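Before any comments, here is the structure.
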Amino acid sequence: MSTVDPAVLERVTYLFNQGKAALSCQDGFSALQSFRTLTDENPHSFEAWYWLYSAALCAGDGETARTALDTATLLHGLELMPDIEVDLARFDTDGAYDEQLFETCYASHYIGLASVFGQRARDLGVRTPTMLSRYGLSLQHQGRTLEANEAFAAAFTAYPLAWIAQFYLYSLFYVPDGVSRYASEARAWASRFAYVENPIHLTPPPLEGRRLKIGYVAPNFSRTQLHQFILPILKNHDPAKVEVTLYTADASAEAPLPCERMVSIGDMDDEAATALIRKDAPDILIDTWGHTVGSRIGIFARRAAPVQVSWINFQQTTGLSQMDYVLHSDSMAAPGTQDLFTETVWSMGDITVPYRPTMQRLPDVPPPALTNGFVTFGSFNHPAKISTETIKAWSAILSGVPDSVLLMKYNYFIDPLVQRQFRARFAAHGIDGERLLFEGHSKGIEYAEAFRKVDLMLDPSPCPGGTTSCDAIANGVPVLTLAGKDFYARIGIQLVAVSGLTELVAETWGDYVRCAVGLAQNMKALSEVRARTRPGFEASALRDENGFTRKLEEAFHQMLKKAYLRGIDSLAS
């Protein structure tokens with residue numbers, strides 16, 4: 002049994018305590034000196050490298066931070082590899098073996114470890130389009146968003162394919178100045194991959210004496226988060242006035258849905274699918290998916306219907322001049338928004354879409370802090386949404402409520418590497434990692450019970466929550482959101498404000514922190530807010546399925562009328 006030299010242990014302890022004390026005082030320069038010395042003297046310690054990462058973040062040294070995190074992740078992964086029976090000799094030399102391990106870890110949501118194998122496979126020459134793009138995803142799912150964006154850019158340089166470019170587009174949501182960068186790149190994508198020479202213009206026939214024909218397009222309507230938003234619309238369309246067709250990848254794989262027709266287009270290329278849809282002659286064709294996996298943007302580029310609309314799953318521009326409208330809410334309005342869109346932004350009022358909870362919901366409970374003796378903040382969002390600005394604000398909240406904890410729940414938080422990275426990011430702001438709690442995916446009763454652990458949900462910014470925020474409010478847990486500077490950063494407002502929780506819409510990060518700390522220190526006020534949350538949600542526009550659907554149908558009628566008049570004017574000229 003080996004023993005540790007007491008002098009070495011004393012030295013390590015001294016450097017660690019010195020560096021941690023500097024971080025607690027937000028003295029990044031001193032912390033960087035201590036932890037750089039610690040890694041120099043203990044180069045094989047992944048913990049030393051994680052702490053150097055924290056210090057570099059605190060000091061604003063991005064280059065050192067990236068090197069430290071790469072090293073920490075590799076060493077941490079190597080430490081765990083014996084537990085999953087990895088042949089270390091093959092790991093060093095066999096790219097195909099590393100690719101296999103990457104796929105195994107990726108499928109199990111051990112995404113940090115997956116990226117270790119993915120990077121090694123790439124370095125050993127495994128550079129297929131699929132491997133390079135999935136390696137980028139493994140970084141994005143950890144919240145390493147800048148590195149993911151760079152990985153997708155490199156993948157696209159190697160393989161300039163439309164679907165790889167879409168991964169790059171999506172990764173821009175999470176990087177600084179992402180909204181404006183995305184708008185520019187989406188136009189470039191459309192010009193390169195969706196250019197149609199001499200595009201046709203379809204003029205709708207008069208609507209008098211017939212029903213409005215609507216088509217919705219998605220790879221799947223019943224087995225994704227789309228189901229909770231599209232179902233209220235499909236159930237409330239007026240069959241006497243509206244004819245609805247769903248265009249999906251595989252109709253046989255869909256659960257029963259309230260529509261007249263469901264058509265499979267998954268085996269068709271864009272030309273064939275466009276021809277089929279044109280033969281059906283919908284007046285309005287709605288893309289509910291955007292530039293995400295399974296996208297059928299090419300159909301819209303070929304103009305399959307007189308009026309084409311982007312909605313629900315995608316709030317950004319498609320970049321297509323052939324896409325006529327995008328649906329937003331009033332609260333998403335921000336200066337310069339229209340300039341970011343090739344589509345005309347059409348506001349639907351208070352909300353962009355209603356929400357029907359499909360999960361089992363449990364009765365409301367008082368703030369769990371009353372029983373626990375400490376406040377639990379929560380975020381059930383994807384790690385990529387938890388930005389640098391968000392972590393700084395959440396750290397200030399934890400500092401202001403000393404006994405509080407933060408529960409972060411998502412698939413990828415089961416991975417010890419992802420957990421350790423996030424502890425390091427909070428440590429850069431002086432927050433003890435023990436105050437961060439992690440949970441992976443759950444469903445059914447277990448998912449519903451997770452909300453009962455949280456006193457107040459914290460919405461990230463500038464990429465707010467969507468479905469997770471709806472789930473929280475529907476389960477009686479209030480959500481604190483930030484009114485960001487652009488339309489995308491303001492998505493959370495419509496969910497919180499329409500539920501009667503306007504005091505939980507913060508105008509600045511300072512207001513955001515003060516609101517969270519104030520509620521945590523005032524159980525009476527927090528209890529009152531929680532008591533209003535579920536009733537406010539149930540009485541809100543989010544639950545007025547019929548009212549919203551009537552408004553949607555009226556918007557479609559107005560859009561069709563404009564298209565008809567444009568067609569008449571064109572013929573006249």
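To get our numbering, take the position in the sequence shown, counting from 1, and add 1. Ideal Cβ placement from N, Cα and C applies to all residues, glycine included. Nothing here was measured: the structure is a model prediction, and the numbers come from that model.
Rounded to whole angstroms, ILE474 and VAL497 show a C-alpha spacing of 8 angstroms. Residue pairing by DSSP puts TRP347 in a beta bridge opposite LEU328.
When the five nearest sequence neighbours on each side are left out, the beta carbons in the same chain lying within less than 7 angstroms of the beta carbon of LEU170 are those of TYR183, GLU186, ALA187, TRP190 and HIS292, in order along the chain.
Here MET524 carries a helix assignment [DSSP, helix/strand/coil].
One alpha carbon belongs to ASP281, the other to PHE194, and they sit about 25 angstroms apart. Of the candidates GLY445, GLU100 and SER35, the residue whose Cα lies closest to the Cα of ASN18 is SER35. Residue burial annotation: GLN309 is buried, with at least 16 other C-beta atoms found within 10 angstroms of its C-beta.
For LEU162, same chain residues with a beta-carbon under 8 angstroms away, outside a window of 5 residues either side, are PRO130 in chain order. In terms of Cα proximity to THR289, the closest of THR246, SER181, PHE222 and TYR411 is PHE222. When DSSP states are grouped into helix, strand and coil, TYR248 belongs to the strand group. As a beta-bridge residue in DSSP terms, ILE285 pairs with ILE215 and VAL308.
In the three-state reduction of the DSSP assignment, ALA484 falls in the coil class.
Using a C-beta cut-off of 8 angstroms, the region 244-263 makes no contact with the region 363-383, since fewer than three inter-stretch Cβ pairs fall below that distance. With fewer than 16 neighbouring CB atoms inside 10 Å of its own CB, PHE30 falls in the exposed class. Burial state of SER192 is exposed, judged by a 10 Å Cβ sphere holding fewer than 16 other Cβ atoms. With 16 or more other Cβ atoms inside 10 Å of its own Cβ, ASN476 counts as buried. Annotation: TYR136 to SER109 spans about 15 angstroms, alpha carbon to alpha carbon. Taking a cut-off of 8 angstroms on C-beta distances, the region 507-526 does not touch the region 268-281, as fewer than three cross pairs fall below it.
Each residue's CA atom was taken as its position, placing PRO463 and ASP512 some 15 angstroms apart.
For ARG262, the beta-bridge partners assigned by DSSP are THR246. According to DSSP, residue pairing for GLU440 in a beta bridge involves LYS410. Rounded to the nearest whole angstrom, the CA to CA distance from CYS106 to LEU133 is 16 angstroms. The beta carbons of VAL419 and VAL455 sit no closer together than 7 angstroms.
Within the region 160-224, the complete alpha helix (DSSP H) runs of at least 4 residues fall at 163-172 and 179-194. For LEU140, the uninterrupted alpha helix (DSSP H) run begins and ends at 130-141, by DSSP. Using a C-beta cut-off of 8 angstroms, the region 44-57 makes contact with the region 71-85, since at least three inter-stretch Cβ pairs fall below that distance. Around the beta carbon of THR204, fewer than 16 other beta carbons sit within 10 angstroms, so the residue counts as exposed.
Unbroken alpha helix (DSSP H) stretches of 4 residues or longer found wholly inside the region 51-111: 63-81, 89-94 and 96-108, given in chain order. Of the candidates PRO259, ARG224 and GLN229, the residue whose Cα lies closest to the Cα of PRO240 is PRO259.
Secondary structure at LEU459: strand, using DSSP grouped into helix, strand and coil. Of the residues SER332, THR158, VAL176 and SER400, the one whose Cα lies closest to the Cα of THR146 is VAL176. In terms of Cβ geometry, GLU261 and VAL245 form a close pair [threshold 7 angstroms]. Beyond the five residues adjoining it in sequence on each side, ALA542 comes within less than 6 angstroms, by CB distance, of ASP351, ILE352 and VAL499 in the same chain, given in chain order. Put simply, the backbone Cα of ALA97 is about 13 angstroms away from that of ASP88. In this structure, GLY78 lies near LEU114, with their beta-carbon atoms less than 7 angstroms apart.
By the CB criterion at 7 angstroms, PHE157 and ALA149 fall outside the cutoff.
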